[in-house]
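Participant: Residue numbers (the numbering used here), protein chains in the order written: chain Y, 1 to 200; chain E, 1 to 299. Beta carbons are placed, not taken as given, at the ideal position from N, Cα and C, and that holds for glycine. Predicted model only: the values in this text are computed from it and were never measured.
(1) Can you list, in chain order, the residues of the stretch 143–167 of chain Y whose Cβ is nearer than 8 Å to any Cβ on chain E?
(2) Anything in chain Y within Cβ reach of residue 75/E, meaning under 9 Å, just list it in chain order.
(3) Using three-state DSSP, classify residue 245/E as helix, strand or coil.
(4) Taking a cut of 7 Å between CB atoms, which residues from the stretch 273–284 of chain E lie near chain Y?
(5) Out of 51/E, 234/E, 284/E, 222/E, which one is the CA nearest neighbour of residue 193/E?
(6) Roughly how many angstroms separate the alpha carbons of residue 250/E and residue 261/E, rounded to a whole number?
(7) Rounding to the nearest angstrom, what Cα-Cα distance links residue 16/Y and residue 219/E in this structure?
(8) Confirm, please, whether the CB-CB distance from residue 170/Y to residue 209/Y is below 8 Å.
(9) Could you give the C-beta distance for residue 253/E and residue 208/E, rounded to a whole number, given that I count them as a contact under 8 Å?
(10) For residue 173/Y, go through chain E and note every residue whose CB falls closer than 8 Å to its CB, in chain order.
(11) For a cutoff of 8 Å on Cβ pairs, would you count residue 80/Y as touching chain E?
(12) Is there a Cβ of chain E sitting closer than 8 Å to that of residue 84/Y, yes or no?
(13) Is residue 256/E close to chain Y? Criterion is C-beta to C-beta, closer than 8 Å.
(14) Report the neighbours of residue 61/Y on chain E: residues whose CB is nearer than 9 Å to its CB, in chain order.
(15) In whole angstroms, give me the CA-to-CA distance for residue 290/E and residue 186/Y.
(16) Identify which residue in 73/E, 58/E, 256/E, 231/E has its Cα closest to the Cα of residue 275/E.
(17) Would you identify the three-state DSSP class for residue 282/E, choosing helix, strand or coil?
(18) In the stretch 77–149 of chain Y, which residue ranges form an unbroken alpha helix (DSSP H) of at least 4 residues, counting only runs that do not cross its ends?
(19) Please say whether residue 140/Y and residue 117/Y have beta carbons closer to each other than 8 Å?
(20) Any C-beta of chain Y sitting closer than 8 Å to the C-beta of residue 287/E?
(21) Could you spell out where the beta strand (DSSP E) holding residue 154/Y opens and where it closes?
(22) Taking the alpha carbon of residue 105/Y as the point to measure from, which residue in 144/Y, 11/Y, 123/Y, 97/Y has its own alpha carbon closest?
(23) Across the stretch 17–29 of chain Y and the stretch 71–83 of chain Y, are there enough close Cβ pairs to call them in contact, namely three or more that are closer than 8 Å?
(24) Is there contact here, the stretch 25–42 of chain Y with the stretch 53–63 of chain Y, by at least three beta-carbon pairs under 8 Å?
(25) Can you tell me which of 277/E, 225/E, 80/E, 74/E puts its alpha carbon nearest to the alpha carbon of residue 53/E?
(26) Alpha carbon to alpha carbon, what distance is there between residue 112/Y and residue 160/Y?
(27) Look at residue 151/Y and residue 179/Y and say whether their C-beta atoms are less than 8 Å apart.
(28) Please decide whether residue 114/Y counts as near chain E, where near means a Cβ-Cβ distance under 8 Å.
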């Protein structure tokens, strides 16, 4: 859950990149880390196997532009995509403020995308959260590959509620910052709404 | 989160209600003592006093309790009467401690005195207000979904963004909508029609057929009703017995299920099958005029 420090005039939010294994979550964070100016980012903490599989999670602290005089600190995480690490995924989702669901656009990854999305819903439910109240955006990653499903089908499968979505090529950075910014905007808007409703 | 908030709200109501009852009781007893000291009783027929009392309770309930049924209304009035009688009885008990005699006798004596009655009445209303949630049919006892639906019907929520103008969203977030969000895909009405696929393509995932691929160019008609329910799963696995009637004679897949090739099937689907006619984004996604300052620029 986001925290607001009125003394330091600082808002801290947690954004999680969720998705099936090898869908490009860590690639997203690596691109962000490589291309944001130094004063806007911290160190990327990543624990991966030699096969580039995330073992625990990746963590990247970011600083978004000030909002109404408050510094916005983002704690960006990824989850391990492999099925066996569900307890870690659930742990990373704890107190989440916003989610970027990374969907692999390749045809043969569709079932894994669906399974991952369901797993995300279940893990959110285990904390009493839901996608009705937790902002999330969808990334259709790997759009540069030849054998990818059309967006219409991806929308039908993953995004029937028509939340914000982006066609992304994380290796080239196409759509990466846009999706992060959109998630961040919705998180902050949601935060302000909750604050006004007295939920914070 | 919703559950936690509801639980917290109810706990708050019980705590504040208990505190209010204590305050009301104490206040009424003090008033009773003061009134006795002043000996300023106002003569009034008991039936009129009772009628006035009930009328006042009913009016207070209508004003503050917002009862949702006749039963709730009646229970509320009775509850107020009971609280007032309890307070009167308690104040009679205190008087009995000082002057001797039974609490009931003193309570009965106090019926003729307007000041304790009115004081108890006012304090009863104060006590009752936070307790109204605990009444049958009260706000907290209604299902969360019904509450959300009512809220959505009554008003739209204004999200205000600092100094910027408010942005309107309509959170018609029903329990059903929440359920939809938990799983990707949509439920659609039964779809008529069929999809034409070469047999070789349809059975490309069936090893035994590939080995004896002799009738490959034959086209089969697969009903959309067989395919569409599986689209949202990201793979199309149908029972062989359902598919068998559409095969040419002599084709036997030799297994219980057949996975149709997703790519070929989806690309051959009529365009309207994948249309999302009733997309209903969550309330947070319908916010317009987001803070455009929150942008990241690559170095």
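Facilitator: This is what the structure holds:
(1) 147, 149, 150, 152, 153, 155, 156, 157, 158, 159, 160, 161, 162, 163, 164
(2) Here residue 75/E refers to the residue found at position 75 of the second chain. Simply none; closest approach about 30 Å.
(3) On the second chain, residue 245/E is found 245 positions in, with the first residue counted as 1. The answer is helix: DSSP assigns residue 245/E an H, G or I state.
(4) 274, 276, 279, 280, 281, 282, 284
(5) Numbered from 1 along the second chain, position 193 holds the residue referred to as residue 193/E. Out of 51/E, 234/E, 284/E, 222/E, 222/E has the C-alpha closest to the C-alpha of residue 193/E.
(6) Position 250 of the second chain holds residue 250/E. Position 261 of the second chain holds residue 261/E. Roughly 22 Å between the two C-alpha positions.
(7) As a first step, residue 16/Y must be located in the first chain, where it is residue number 16. As a first step, residue 219/E must be located in the second chain, where it is residue number 219. Cα to Cα, the separation comes out at about 46 Å.
(8) Missing from the structure shown is residue 209/Y; chain Y here goes from 1 to 200 and no further.
(9) As a position in the second chain, residue 253/E is number 253, starting the count at 1. As a position in the second chain, residue 208/E is number 208, starting the count at 1. About 7 Å separates the two Cβ atoms, so the contact holds.
(10) Working through the first chain from its first residue, we reach residue 173/Y at position 173. What residue 173/Y touches in chain E: 298.
(11) In the first chain, the residue the question calls residue 80/Y occupies position 80. Taking Cβ atoms only, chain E never reaches closer than 8 Å to residue 80/Y, which makes this a no.
(12) Within the first chain, numbered from 1, the residue matching residue 84/Y stands at position 84. Cβ-Cβ to chain E under 8 Å: no for residue 84/Y.
(13) Counted from its first residue, the second chain places residue 256/E at position 256. Taking Cβ atoms only, chain Y never reaches closer than 8 Å to residue 256/E, which makes this a no.
(14) Indexing the first chain from 1 puts residue 61/Y at position 61. Correct list: empty, because the minimum Cβ distance to chain E is about 14 Å.
(15) What you label residue 290/E is simply residue 290 of the second chain in a count that begins at 1. What you label residue 186/Y is simply residue 186 of the first chain in a count that begins at 1. Cα to Cα, the separation comes out at about 7 Å.
(16) Position 275 of the second chain, counted from the start, is the residue given in the question as residue 275/E. Taking only the C-alpha atoms, the option nearest residue 275/E is 231/E.
(17) Working through the second chain from its first residue, we reach residue 282/E at position 282. Coil at residue 282/E, not helix or strand.
(18) 86–93, 110–126
(19) The count along the first chain starts at 1 and reaches residue 117/Y at position 117. The count along the first chain starts at 1 and reaches residue 140/Y at position 140. Against a cut-off of 8 Å, the Cβ pair of residue 140/Y and residue 117/Y comes out as no contact.
(20) For the purposes of this step, residue 287/E is taken as the residue at position 287 of the second chain. For residue 287/E, the answer is yes, since a Cβ of chain Y falls inside 8 Å of its Cβ.
(21) Sequence index remark: in the first chain, residue 154/Y carries index 154 (1-based). No beta strand (DSSP E) contains residue 154/Y, which is instead part of the alpha helix (DSSP H) from 151–158.
(22) To locate residue 105/Y, count along the first chain from 1; it is residue 105. Of the listed residues, the one whose Cα sits closest to residue 105/Y is 144/Y.
(23) yes
(24) yes
(25) In the second chain, the residue the question calls residue 53/E occupies position 53. Ranking 277/E, 225/E, 80/E, 74/E by Cα distance to residue 53/E puts 80/E first.
(26) The count along the first chain starts at 1 and reaches residue 160/Y at position 160. The count along the first chain starts at 1 and reaches residue 112/Y at position 112. Answer to the nearest angstrom: the Cα atoms are 17 Å apart.
(27) Position 151 of the first chain holds residue 151/Y. Position 179 of the first chain holds residue 179/Y. Not closer than 8 Å, so no.
(28) Mapped onto the first chain, residue 114/Y falls at position 114. Yes, residue 114/Y lies at the interface with chain E (some Cβ there is under 8 Å from its Cβ).
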